[in-house]
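First up is the structure itself, then whatever we jot down about it.
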Amino acid sequence: MIDNLPLKTIQHKGLTIEGYSRAAVQSYWRIPELKLCFDLGGSPWSFAGTQTVFVTHAHLDHLAAVPVYVARRRMMRMEPPTIYLPEEAVPTVRRILDLWQRLDRGRMQCELIGVKPGDEVQLSREHVVTVFQTKHTVSSVGYVVWDRRKKLKSEYQGLPGDQIRDLRLSGTEVSEEVRIPIVCYTGDTAPAGLDGYPPVYEAQVLITEMTFFRPEHRKEKIHKFGHMHLDDILARADRFQNERILLAHFSTRYHENQIRRAVMNRLPENLKDRVVLWL
Ligand SMILES: [Zn+2]
Ligand SMILES: [Zn+2]
Numbered sequence: 068m069i070d071n072l073p074l075k076t077i078q079h080k081g082l083t084i085e086g087y088s089r090a091a092v093q094s095y096w097r098i099p100e101l102k103l104c105f106d107l108g109g110s111p112w113s114f115a116g117t118q119t120v121f122v123t124h125a126h127l128d129h130l131a132a133v134p135v136y137v138a139r140r141r142m143m144r145m146e147p148p149t150i151y152l153p154e155e156a157v158p159t160v161r162r163i164l165d166l167w168q169r170l171d172r173g174r175m176q177c178e179l180i181g182v183k184p185g186d187e188v189q190l191s192r193e194h195v196v197t198v199f200q201t202k203h204t205v206s207s208v209g210y211v212v213w214d215r216r217k218k219l220k221s222e223y224q225g226l227p228g229d230q231i232r233d234l235r236l237s238g239t240e241v242s243e244e245v246r247i248p249i250v251c252y253t254g255d256t257a258p259a260g261l262d263g264y265p266p267v268y269e270a271q272v273l274i275t276e277m278t279f280f281r282p283e284h285r286k287e288k289i290h291k292f293g294h295m296h297l298d299d300i301l302a303r304a305d306r307f308q309n310e311r312i313l314l315a316h317f318s319t320r321y322h323e324n325q326i327r328r329a330v331m332n333r334l335p336e337n338l339k340d341r342v343v344l345w346l
């Protein structure tokens, strides 16, 4: 495998979460078991094998590698990918791909699907993705991946199997869908993006941003630019029910050790063992 871009990886409950994310550099993520990527600010060679991408917003550090990814899949004779992105961005991204096609002479085959908050995307029988509003400086959304199972409705539980079968044959709906939020990816957002959609706090794995952490950075300014500060995370410490919280998208003005020391010193005990600093 060609190793063209940095990747950090963790495992959680049968899922591999791999990616890289620094503000103004690039953000890209992949969960191979769910067969999807989030954002493509860069396109690691290994990501080409994954056919579905969810883009949160059209900033360059989250989108710039889409043409590379689309072209690579074509070159390797793979199916054209499906790329979900905020609907306002679709016509412009299509034009960019057409312009690249003129320069590169390789066909930019892909399906661009515009999404808006409230939408649902059927990934497979077991998984569905919901789209929610985030707050950034351009049109932006976040995504939650849900595990869904059919479960016998509570009023039928305990009934013998043949009675359930008879009910089913008579046309009665005996089961209902139960959904569990397994992964949430917010992309870049001010705290309002977290607070406006409760499943963000319930997803087993939360991937979010914490671009700033130094006390001297002014919160109002950070929120205006659609980002978060360590203080925003601390103020919500009791709300995170997530099993893992991946904090990413740190500003490039910080050094890794600075971030690790400062953040770990200030995180309360109930977050420390769940937070992963994406460095
Ligand atoms: Zn960004
Ligand atoms: Zn951004």
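Number 322 in our numbering belongs to position 255 of the sequence shown; there are no gaps in the numbering. Each residue gets a CB set at the ideal place from its N, CA and C atoms; glycine is no exception. All figures in this text were calculated on a predicted structure; none of them were measured in a lab.
Query - Cα-Cα separation, valine 120 to valine 241 - result: 35 angstroms
Query - Distance cut 5 angstroms, beta-carbon to ligand 2 heavy atom: residue list by chain order - result: His126, Asp255
Query - Pair within 8 angstroms by beta-carbon distance, proline 99 and threonine 83 - result: yes
Requested in this report: Determine, using beta carbons only, whether glycine 260 comes closer than 8 angstroms to chain C.
Outcome: No chain C is present in this structure, which holds just one protein chain.
Report task. Quick one: using the 10 Å Cβ neighbour count with 16 as the cut-off for buried, is valine 205 buried or exposed? Result -> exposed
Query raised in the report: Which of the three DSSP states, helix, strand or coil, is assigned to proline 313?
Result: The sequence given here places leucine at residue 313; proline does not occur at that position. Here leucine 313 sits in strand by DSSP.
Query - Sufficient close CB pairs (3 or more, under 8 angstroms) joining the region 155-166 to the region 184-196 - result: no
Query raised in the report: histidine 316 to glutamate 243, Cα distance in whole Å?
Result: 38 angstroms
Report task. Please classify proline 21: is it buried, with 16 or more other beta-carbons within 10 angstroms of its beta-carbon, or exposed? Result -> What is shown of the chain runs 68 to 346, which leaves residue 21 out entirely.
Query raised in the report: How do the region 171-179 and the region 263-271 stand: do at least 3 beta-carbon pairs fall below 8 angstroms, yes or no?
Result: With the cut-off at 8 angstroms, the region 171-179 and the region 263-271 do not touch.
Report task. Could you pull out every unbroken beta strand (DSSP E) segment of at least 3 residues lying fully inside the region 202-234, listed in chain order? Result -> 208-219
Report task. State buried or exposed for histidine 322, treating a residue as buried only when at least 16 other CB atoms are found within 10 Å of its CB. Result -> exposed
Requested in this report: Quick one: grab the DSSP three-state call for isoleucine 180.
Outcome: strand
Query - Under 8 angstroms between C-beta atoms of aspartate 128 and histidine 203 - result: no
Query raised in the report: DSSP puts isoleucine 98 in a beta bridge; with which residues?
Result: Leu103
**Report entry** Every unbroken beta strand (DSSP E) within the region 281-330, with a cutoff of 3 residues, ordered by chain
**Finding:** Note on the region 281-330: whole beta strand (DSSP E) runs with a minimum of 3 residues are 311-315, in chain order.
**Report entry** valine 18 to glycine 293 span [Cα, whole Å]
**Finding:** What the structure shows of the chain is the stretch from 68 to 346, and residue 18 is not part of that stretch, so it cannot be assessed.
Requested in this report: Quick one: residues in its chain with C-beta nearer than 8 angstroms to the C-beta of alanine 115, no 5 flanking neighbours on either side, listed in chain order?
Outcome: Tyr136, Arg139, Arg140, Met143, Met145
Query raised in the report: Thinking C-alpha only, which one of Leu72, Pro153, Lys183 is nearest serine 88?
Result: Leu72
Query raised in the report: Are the beta-carbon atoms of leucine 273 and leucine 226 separated by less than 8 angstroms?
Result: no
Query raised in the report: Apart from the five residues on each side of it in sequence, which residues of its chain come closer than 7 angstroms, Cβ to Cβ, to lysine 286?
Result: His296, Asp298
Query raised in the report: Along the chain, where does the alpha helix (DSSP H) that runs through arginine 141 open and close?
Result: 133-142
Query raised in the report: For tryptophan 112, which option in Met68, Ile150, Asn324 has the closest C-alpha, if you only look at C-alpha atoms?
Result: Met68
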